[in-house]
Every structure is written in C-alpha cells, then in structure tokens.
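Start counting the sequence shown at 1; every next residue gets the next number (the numbering used here). In this text, a Cβ means the ideal position worked out from N, Cα and C, and glycines have one as well.
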Amino acid sequence: METIIHYFETIPSLHRSLILVGGITFFWILEGALPLFKFNYKKWKHAFPNLFFTVTTIIVNFSLAFLLLKSADWVQVNNFGIINWLPEMPLWLYVILGVVLLDFFGAYLAHFVEHKVKPLWMIHLVHHTDHKVDTTTANRHHPLESMIRFAFTLFGVFVVGAPIAIVMVYQSMSLIFTQFTHANIKINKDVDKALSYVIISPDMHKIHHHNMLPYTDSNYGNIFSIWDRIFGTYLYLEREKIVYGVDTFPDEKTNSSLVELLKQPFQGYRKPTNVD
C-alpha cells in the first residue's frame, strides 16, 4: 500500500493521460464485441463532440490542478479534515475512507446539486442529451460543468482532509469508472445487479440516462453505490426499457451538433417530465 501511495503522490501527467486514452480505447473495443444496444450510428461521427468535450475537460482540470495540490498539501500540514480528525487507522483503511468520502463530495453531491439547481441543470444537460450513450459519453461535459465539478472536488479535499496521493487515487478511479459505467457493454444482469450493491454498475448508471423522471433524477453516484442507497436516490429499471436523452430536448440532430451543445446551457429551462 505504501508503494501505491508513493506512486500516486508523484504520478506523472503522462500516466494520467494514458489512463484516459487507454480506458476509452479498451471500452471502445469492448463495445464492439459485447454491445448492450446495437446502435445504428457512425461511431466516429457520434464521438466527435464527446471527444471535444473530453479535451476541454482535460484542459480545465490540468489548468486548475495546482489548486488541488496546494489544498491537499495544506490540509495535510495543518492536520485538517475528517480523516485527519479520526483515530489512527491502518493505511489501507485511511485510503479507502478518503476515496469514499471524496466520491461523495466530488461526484454524488456535485451531480445531485446539478440536477436540483436550474442553471446548473442547463449546463449538465449537455451530458444528458446524448442519444447513443457509450464510453465517449463519459466526459461529455460542457466546460462550465468541468469547472463546477472541479470546485466540488476542491471543496471535498478540504472537508475530507485528503492528501494529494488519495486525491490522485480518487481521480484515477473516477476516470476509469465513468468510462466503464457509460460504455455500451452488455454484462450478465445478475452480475450487474450484484455489482450495484457495492459500486455503480453499467446498468445502474444507464438508468440515470433514461429520458424521463423519476429515473433521470436517480443513481447519481460515480464509483460507490453507497451514497444513492443511503440517501434514497437509487432506482431500478429494466435495461430494455431505457431510452436515452431528455424528453424535453428530443432533437437528436441538434443534440449532436457541437455548436448547439456549446449553446445549450443558455437556452430556456425545461425539466424532464414524470413517467405516466
């Protein structure tokens, strides 16, 4: 464990980039072999706006990374934050607790707030208006959302008291999981259901991409499913009934245009409707 922590304390930017590119490549290939839905689409054409937003997400996060580093160093030096106020514990437990708590602040809480605050929903809408959810959808976030997500993660670092090694472990896991849960791959239903008791499984997250309430407002987690179960936001829907997109923004052509997606947060507010 000490070796792992030391590695993530100084993880090179190249290695982080390889995790991103390697993950997209791996799940892209797997989607072709084990597709959940057989989409009738040109995969590269569909991927273009999503990969553009992946690049903008990288730019935002790398540009602001120094804030994470300074914050993580500060909480460690000043013994500040939840995991630093707890009794001494084994290193492995310290790391797991730190990652689980960062997953709450950086992913679950941020995601929940984006769905409940109207202006933030319009920004997050870019992610939801993908009608062909696959691994490239994972980082389909408007640049404004990338900044919002970063702010929640930064807040989490202070509250949790996470050193930079735990922050990097969390971010690496978050990246892999978001690619995994968005990937258009078919997993045995029983296996997927079993996984969902501990982690966010592919089916569990795809329910969140269903085009109508209450499913759109459910299953907010990214790595661990504990938060959805604790706060009562877990819902189940058979995979065959899932329809991707947002019912109040149904135009797939518009939702596939990079220019339109960049403008999407500034359109009039509309919220998905309830299922009859």
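Between the C-alpha atoms of Gly-81 and His-131, what's the straight-line distance to the nearest angstrom?
Along the sequence shown, read from residue 1 onward, the residue named residue 81 stands at position 81. Along the sequence shown, read from residue 1 onward, the residue named residue 131 stands at position 131. Going from the Cα of Gly-81 to the Cα of His-131 covers about 41 Å.
May I ask you to list the residues that DSSP assigns as paired with Phe-277?
Residue 277 falls outside the range modelled here, since the chain spans only 1 to 276, and no answer is possible.
Between which two residues does the alpha helix (DSSP H) containing Gln-76 stretch?
The sequence position of residue 76 within the sequence shown is 76, counting from 1. Per DSSP, Gln-76 belongs to the alpha helix (DSSP H) from 43–77.
Pro-35 - partner residues in DSSP beta bridges:
Translated into the one-based positions of the sequence shown, residue 35 becomes position 35. Its beta-bridge partners are Ile-185.
Would you say Leu-101 and Val-160 are within 8 Å of each other, going by their C-beta atoms?
Working through the sequence shown from its first residue, we reach residue 101 at position 101. Working through the sequence shown from its first residue, we reach residue 160 at position 160. Result yes, Cβ atoms of Leu-101 and Val-160 sit closer than 8 Å.
DSSP has Tyr-244 in a bridge; who is on the other side?
The residue labelled residue 244 in the question sits at position 244 within the sequence shown. Its beta-bridge partners are His-210.
C-alpha distance - Ile-185 paired with Pro-202, whole-angstrom precision:
For this step, residue 185 is matched to residue 185 along the sequence shown. For this step, residue 202 is matched to residue 202 along the sequence shown. Approximately 8 Å between the Cα atoms of the pair.
State the DSSP-derived secondary structure class of Val-191, mapped to helix, strand or coil.
Position 191 of the sequence shown holds residue 191. Val-191 falls in the helix class under three-state DSSP.
Tyr-94 by DSSP, collapsed to three states: which one?
By 1-based counting over the sequence shown, the position of residue 94 is 94. Reduced to three states, the DSSP call for Tyr-94 is helix.
Which of helix, strand or coil does DSSP assign to Gly-81?
Here residue 81 refers to the residue found at position 81 when the sequence shown is read from its first residue. Three-state DSSP puts Gly-81 in coil, outside helix and strand.
Could you give the DSSP three-state label for His-141: helix, strand or coil?
Here residue 141 refers to the residue found at position 141 of the sequence shown. Coil.
Cβ-Cβ distance between Asn-222 and Thr-129 below 8 Å:
Start at 1 with the first residue of the sequence shown, and residue 222 comes out as number 222. Start at 1 with the first residue of the sequence shown, and residue 129 comes out as number 129. Cβ distance not < 8 Å, so Asn-222 and Thr-129 don't count as in contact.
Only counting runs of 4 or more residues, tell me where the alpha helix (DSSP H) segments fall wholly within the stretch 98–184, in order along the chain.
110–116, 118–128, 143–160, 164–182
Determine the burial state of Ser-174: buried for a count of at least 16 other Cβ atoms within 10 Å of its Cβ, exposed for fewer.
For the purposes of this step, residue 174 is taken as residue 174 along the sequence shown, with counting starting at 1. Ser-174 comes out buried.
Take Thr-137 as the anchor and find which of Asp-247, Gly-232, Lys-38, Phe-52 has the nearest alpha-carbon.
Counted from its first residue, the sequence shown places residue 137 at position 137. Measuring from the Cα of Thr-137, the nearest candidate turns out to be Phe-52.
Quick one: residues in its chain with C-beta nearer than 7 Å to the C-beta of Asp-134, no 5 flanking neighbours on either side, listed in chain order?
Numbered from its first residue, the sequence shown carries residue 134 at position 134. Only Glu-31, His-182, Ala-183, Asn-184 meet the Cβ criterion.
Can you tell me which of the three DSSP states Ile-11 falls into?
Stepping through the sequence shown from its first residue, residue 11 is reached at position 11. Coil, per DSSP.
How would you call Arg-140, buried or exposed, if buried means at least 16 neighbouring beta carbons within 10 angstroms?
Residue numbering aside, residue 140 sits at position 140 when the sequence shown is read from its first letter. Its Cβ being crowded by 16 or more others within 10 Å, Arg-140 is buried.
Compare the beta carbon distance of Leu-67 and Leu-154 with 8 Å and say whether it is the shorter of the two.
The count along the sequence shown starts at 1 and reaches residue 67 at position 67. The count along the sequence shown starts at 1 and reaches residue 154 at position 154. Closer than 8 Å, so yes.
Please list, in chain order, all residues of the same chain as Asn-84 whose beta carbon is under 6 Å from its beta carbon, the five residues on each side excluded.
The residue labelled residue 84 in the question sits at position 84 within the sequence shown. Excluding sequence neighbours, Asn-84 sits near Gly-161.
Assign Ser-71 to one of two classes, buried (16 or more other C-beta atoms within 10 Å of its C-beta) or exposed (fewer than that).
Locating residue 71 in the sequence shown gives position 71, counting from the first residue. Counting Cβ neighbours within 10 Å, Ser-71 comes out buried, since at least 16 surround it.
Check whether Asn-188 and Ile-207 have beta carbons under 8 Å apart:
One-based indexing of the sequence shown puts residue 188 at position 188. One-based indexing of the sequence shown puts residue 207 at position 207. Against a cut-off of 8 Å, the Cβ pair of Ile-207 and Asn-188 comes out as no contact.
Given 8 Å as the limit, is there contact between the stretch 4–12 and the stretch 162–170, that is, 3 or more CB pairs closer than that?
yes
For Trp-227, count neighbouring Cβ atoms within 10 angstroms of its own Cβ and tell me buried if that reaches 16, exposed if not.
Counting from one through the sequence shown, the residue named residue 227 turns up at place 227. So Trp-227 counts as buried.
Please state the DSSP three-state secondary structure of Gly-23.
One-based indexing of the sequence shown puts residue 23 at position 23. Three-state DSSP puts Gly-23 in a helix.
Alpha carbon to alpha carbon, how far is Val-95 from Asn-61? Give it in angstroms, no decimals.
Residue numbering aside, residue 61 sits at position 61 when the sequence shown is read from its first letter. Residue numbering aside, residue 95 sits at position 95 when the sequence shown is read from its first letter. Going from the Cα of Asn-61 to the Cα of Val-95 covers about 22 Å.
Which word fits Asp-103, buried or exposed, when buried means at least 16 other C-beta atoms lie within 10 angstroms of its C-beta?
Locating residue 103 in the sequence shown gives position 103, where the first residue counts as 1. So Asp-103 counts as buried.
Could you name the residues of the same chain whose beta carbon sits closer than 6 Å to that of Ser-196, not counting the 5 residues immediately before and after it, in chain order?
Position 196 of the sequence shown, counting from 1, holds the residue named residue 196. Answer for Ser-196: Met-204, Ser-225, listed in chain order.
Report the option in His-124, Val-259, Pro-119 whose CA atom is closest to the CA atom of His-111.
The residue given as residue 111 occupies position 111 in the sequence shown. Checked all of His-124, Val-259, Pro-119; the closest Cα to His-111 is His-124.
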